[in-house]
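**Q**
Protein chains: 2
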Amino acid sequence: MDQLLQSVKIGINEKIYVKDPESSDLGKRIIEQSILMIDAMGFESFTFKKLGAKIGSNESSIYRYFENKHKLLLYLASWYWGWLEYQLVFSTNSIADAQQKLDKAIEIVTKTTVEDSSFSHINEVLLNKIVINEYSKSYLTKEVDTENKEGYFVIYKRLVTRISTMITEVNSDYKYPSSLASTILEGSLHQHFLKGHFSSLTDCHQDDDSTKYFLHLVATTIK
Amino acid sequence: MDQLLQSVKIGINEKIYVKDPESSDLGKRIIEQSILMIDAMGFESFTFKKLGAKIGSNESSIYRYFENKHKLLLYLASWYWGWLEYQLVFSTNSIADAQQKLDKAIEIVTKTTVEDSSFSHINEVLLNKIVINEYSKSYLTKEVDTENKEGYFVIYKRLVTRISTMITEVNSDYKYPSSLASTILEGSLHQHFLKGHFSSLTDCHQDDDSTKYFLHLVATTIK
DNA sequence: CAGTATGTGATAGTATTACTATTATATTTG
DNA sequence: CAAATATAATAGTAATACTATCACATACTG
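Read top to bottom, the protein sequences are chains G and Z. Residues in the first sequence are numbered consecutively from 1, following the working numbering. Residues in the second sequence are numbered consecutively from 1001, following the working numbering.
Written out as structure tokens, the structure is:
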């Protein structure tokens, strides 16, 4: 992506934050540094107190932006999925052929994230790593149904739905378009995780193997 | 499963526990009640103090069996995967035809768990729910590489490897047997989760839909 | 220009968690 | 019966995840 994205703001459910972090310098530093810290120390060890120390601010000030670190994770994840969705829509919009369109979509969502400097304070490569390592924790909770009703997962759901629709447009007889779409998204994160920690459980060792694996899987499945 | 399993003990890495919970009555109560509690309140809210109160014992006594609740989760998960592996090996052992064997394996690992009273103190239905909701948290940690080296995930890995081998036996030219095997196991948990909380993201709404989905997916993919 | 609202920082305080340590008591085994 | 072992009870600690209050600086408003 390039300049274009610089003027686009990823629209995130306002209930996720107390105060929009994009609305101030402190807010942006919270986002920027929380990405670095969560990547470095993991979500469990990350605290608002440590973040405050890192950005030369106070714990209590961070609470003015996010109720708790769970909400911050929801924010980061929503941002990431929104960013991916933008790329997906942008890149597939002009493709007429349904199969080609789906292939492009699979490529976008399964590929390894590379440097993108469109958003100065957000490191997309690290954010992708965070999503791989922490995203499941955002919905594997007892509060998932309430939070889902509040709309905290809409962007992710919309992304799955988009892919599901593209699958149906290639083959309207295929019975499991939503399951296949969710398998692609979740499975892609999982394959990237395995690559880093359980390499014997995957055949995806190069950067683009994951894309090849899913392209083949989907093509044959809905043929 | 039936009587047979009653005399089989699921072999779990001894480093996971301080004292084998199968070796005492208190140990068995810890396992039995922790399953009920984690299912009811979720892993985050579950504490050894609450468990102690529930089983009429003391927090400190539970620490004599498990270092912390993370290790207890690893124990429960290992037990579950060991139990599944046993069923898989038992049910597929006598099948000569490679395709039939793989189909049986997929059926075993993707189906919804139903009542099994072989192990009096372990409720397999609830344990399956716990694995669906909490298993990812056991490996999505900063300690995963160390713990993997310690062998805390061997049973799960062996299970993936078994399925991977079966895939190769059906089609030795297929390039992604391990990725496909891990996609089946992880994807199955995910589809069951979606069924309960994000039903618009899956087409698996009946108990056996997940099995049908994966049977079709695998059959077409490696054809 | 005074007054007020807003944003941020500093400090303190609370309940809970995740332990560790010690001691007492009960039970089992040799 | 003595010794070892298992369990229970109590206390204590550092850290976490907040909440509340107050102070201060800046900005904007009538």
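Quick reminder that beta carbons are idealized off the backbone N, C-alpha and C, glycines included.
Are the beta-carbon atoms of S1188 (chain Z) and V1109 (chain Z) separated by less than 9 Å?
**A** Mapped onto the second sequence, residue 1188 (chain Z) falls at position 188. Mapped onto the second sequence, residue 1109 (chain Z) falls at position 109. In this structure, V1109 (chain Z) lies closer than 9 Å to S1188 (chain Z) by Cβ.
**Q** So with CB distances below 8 Å, who are the chain G contacts of E1186 (chain Z)?
**A** The residue you call residue 1186 (chain Z) lines up with position 186 of the second sequence. E186, G187, H190, listed in chain order.
**Q** Since V170 (chain G) meets chain Z, which of its residues come closer than 7 Å, beta carbon to beta carbon?
**A** Within the first sequence, residue 170 (chain G) is the residue found at index 170, counting from 1. What V170 (chain G) touches in chain Z: nothing, since even the nearest Cβ is about 14 Å away.
**Q** Counting pairs of Cβ atoms below 8 Å between the segment 1169-1182 of chain Z and the segment 1011-1018 of chain Z, do you hit three or more?
**A** no
**Q** Against D203 (chain G), what residues of chain Z qualify as contacts under a CB-to-CB distance less than 8 Å, listed in chain order?
**A** For the purposes of this step, residue 203 (chain G) is taken as the residue at position 203 of the first sequence. Chain Z residues near D203 (chain G): K1175, Y1176, P1177, S1178, S1179.
**Q** Taking a cut of 8 Å between CB atoms, which residues from the segment 1136-1154 of chain Z lie near chain G?
**A** S1136, K1137, Y1139, L1140, T1141, K1142, V1144, D1145, N1148, F1153
**Q** Looking at S1136 (chain Z) and G194 (chain G), is the spacing between their C-beta atoms short of 9 Å?
**A** Along the first sequence, one-based indexing puts residue 194 (chain G) at 194. Along the second sequence, one-based indexing puts residue 1136 (chain Z) at 136. The amino acid at residue 194 (chain G) is misidentified as Gly; the sequence shows Leu. Not in contact: L194 (chain G) and S1136 (chain Z) (Cβ atoms no closer than 9 Å).
**Q** For the putative contact between L1051 (chain Z) and S1034 (chain Z), defined by C-beta atoms under 8 Å, what is the C-beta separation to the nearest angstrom?
**A** Position 51 of the second sequence, counted from the first residue, corresponds to residue 1051 (chain Z). Position 34 of the second sequence, counted from the first residue, corresponds to residue 1034 (chain Z). 6 Å between Cβ atoms; contact.
**Q** Along the chain, where does the alpha helix (DSSP H) containing D1145 (chain Z) start, and where does it finish?
**A** Position 145 of the second sequence, counted from the first residue, corresponds to residue 1145 (chain Z). Its alpha helix (DSSP H) spans residues 1144-1149.
**Q** Grouping DSSP H, G and I as helix and E and B as strand, with all else coil, what is A1096 (chain Z)?
**A** Sequence index remark: in the second sequence, residue 1096 (chain Z) carries index 96 (1-based). In the structure shown, A1096 (chain Z) sits in coil (DSSP, three-state: anything other than H, G, I, E or B).
**Q** Which of helix, strand or coil does DSSP assign to D1039 (chain Z)?
**A** Position 39 of the second sequence holds residue 1039 (chain Z). DSSP places D1039 (chain Z) in helix when its eight states are reduced to three.
**Q** Any Cβ of chain Z within less than 9 Å of the Cβ of V18 (chain G)?
**A** Residue 18 (chain G) sits at position 18 when you count from the first residue of the first sequence. No, V18 (chain G) does not count as interfacial toward chain Z.
**Q** For Y152 (chain G) and L74 (chain G), I'd like the C-alpha separation in whole angstroms.
**A** Walking along the first sequence from the start, residue 152 (chain G) turns up at place 152. Walking along the first sequence from the start, residue 74 (chain G) turns up at place 74. When rounded, the distance between both Cα atoms is 7 Å.
**Q** Given a threshold of 16 other Cβ atoms within 10 Å of its Cβ, counted over all protein chains shown, does M1166 (chain Z) qualify as buried or as exposed?
**A** Working through the second sequence from its first residue, we reach residue 1166 (chain Z) at position 166. Buried.
**Q** Check whether the segment 1048-1068 of chain Z and the segment 1079-1095 of chain Z are in contact - that is, three or more C-beta pairs closer than 8 Å.
**A** The segment 1048-1068 of chain Z vs the segment 1079-1095 of chain Z: no contact.
**Q** Which same chain residues, not among the five before or five after V18 (chain G), have their C-beta less than 8 Å away from its C-beta?
**A** Working through the first sequence from its first residue, we reach residue 18 (chain G) at position 18. Closer than 8 Å at Cβ, skipping near neighbours: Y63, R64, Y65, F66, E67.
**Q** Please return the same chain residues whose Cβ sits closer than 8 Å to the Cβ of E32 (chain G), not counting the five positions on each side in sequence.
**A** For the purposes of this step, residue 32 (chain G) is taken as residue 32 along the first sequence, with counting starting at 1. Excluding positions up to five away in sequence, the list reads H121, I122, N123.
**Q** Taking S200 (chain G) as the query, report the chain Z residues whose CB atoms sit under 8 Å from its CB, ordered along the chain.
**A** On the first sequence, position 200 is the one that residue 200 (chain G) refers to. What S200 (chain G) touches in chain Z: K1157, T1161, S1178.
**Q** For a cutoff of 9 Å on Cβ pairs, would you count H121 (chain G) as touching chain Z?
**A** As a first step, residue 121 (chain G) is located in the first sequence; it is residue number 121 there, counting from the start. Judged by the 9 Å Cβ criterion, H121 (chain G) is not in contact with chain Z.
**Q** With 16 other CB atoms within 10 Å as the buried threshold, where does G1027 (chain Z) fall?
**A** Residue mapping note: residue 1027 (chain Z) aligns to position 27 of the second sequence, counting from 1. Burial state of G1027 (chain Z) is buried, judged by a 10 Å Cβ sphere holding 16 or more other Cβ atoms.
**Q** In terms of residues, what are the limits of the alpha helix (DSSP H) holding I1132 (chain Z)?
**A** Counting from one through the second sequence, the residue named residue 1132 (chain Z) turns up at place 132. I1132 (chain Z) -> alpha helix (DSSP H) spans 1124-1139.
**Q** Relative to chain G, which residues along the segment 1042-1076 of chain Z have a C-beta separation below 8 Å, given in chain order?
**A** Cβ contacts with chain G come from G1042, E1044, S1045.
**Q** Quick check on this structure: which residue in Z:S1060, Z:S1078, Z:K1069, Z:E1044 has the alpha carbon closest to the alpha carbon of V997 (chain Z)?
**A** There is no way to answer for residue 997 (chain Z), as the model of chain Z reaches only from 1001 to 1223.
**Q** Mind listing which residues of the segment 80-104 of chain G have their C-beta closer than 8 Å to chain Z's C-betas, in chain order?
**A** none
**Q** Within the 9 Å Cβ cut-off, does S34 (chain G) reach chain Z?
**A** Here residue 34 (chain G) refers to the residue found at position 34 when the first sequence is read from its first residue. False, the Cβ-Cβ gap to chain Z never drops below 9 Å.
**Q** Using alpha carbons as the reference points, say which of G:I155, G:R162, G:K212, G:S200 lies closest to A98 (chain G).
**A** Numbered from 1 along the first sequence, position 98 holds the residue referred to as residue 98 (chain G). Looking at the Cα atoms, G:R162 is the closest of the given residues.
**Q** Given that a residue counts as buried once 16 or more other Cβ atoms are within 10 Å of its Cβ, and exposed if not, what is S182 (chain G)?
**A** For the purposes of this step, residue 182 (chain G) is identified with residue 182 of the first sequence, where counting begins at 1. The residue is buried, with at least 16 neighbouring Cβ atoms inside 10 Å.
**Q** For N1013 (chain Z), decide whether its Cβ has a neighbour in chain G, counting only Cβ atoms nearer than 9 Å.
**A** The residue you call residue 1013 (chain Z) lines up with position 13 of the second sequence. No, N1013 (chain Z) lies away from the interface with chain G (no Cβ there is under 9 Å from its Cβ).
**Q** Which of the three DSSP states is assigned to T1211 (chain Z) in this structure?
**A** Residue numbering aside, residue 1211 (chain Z) sits at position 211 when the second sequence is read from its first letter. Residue state, collapsed to three classes: helix.
**Q** Helix, strand or coil: how does DSSP classify T1110 (chain Z) here?
**A** Locating residue 1110 (chain Z) in the second sequence gives position 110, counting from the first residue. If DSSP states are grouped into helix, strand and coil, T1110 (chain Z) belongs with the helices.
**Q** Do the CB positions of T220 (chain G) and K1212 (chain Z) come within less than 9 Å of each other?
**A** To locate residue 220 (chain G), count along the first sequence from 1; it is residue 220. To locate residue 1212 (chain Z), count along the second sequence from 1; it is residue 212. Cβ distance not < 9 Å, so T220 (chain G) and K1212 (chain Z) don't count as in contact.
**Q** Going by other Cβ atoms of all chains shown within 10 Å of its Cβ, with 16 needed for buried, is D1209 (chain Z) buried or exposed?
**A** Here residue 1209 (chain Z) refers to the residue found at position 209 when the second sequence is read from its first residue. Buried is the call here.
**Q** Roughly how many angstroms lie between the CA atoms of Q1100 (chain Z) and F1214 (chain Z), to the nearest whole one?
**A** Taking the first residue of the second sequence as 1, we reach residue 1100 (chain Z) at position 100. Taking the first residue of the second sequence as 1, we reach residue 1214 (chain Z) at position 214. Answer to the nearest angstrom: the Cα atoms are 14 Å apart.
**Q** What residue range is occupied by the uninterrupted alpha helix (DSSP H) comprising E22 (chain G)?
**A** Translated into positions along the first sequence, residue 22 (chain G) becomes position 22. Looking at the DSSP string, E22 (chain G) is not in any alpha helix (DSSP H), and its letter there is neither H nor E.
**Q** Where do the N-terminal and C-terminal ends of the alpha helix (DSSP H) with G196 (chain G) fall, by residue?
**A** Walking along the first sequence from the start, residue 196 (chain G) turns up at place 196. 177-197 is the span of the alpha helix (DSSP H), which, as asked, contains G196 (chain G).
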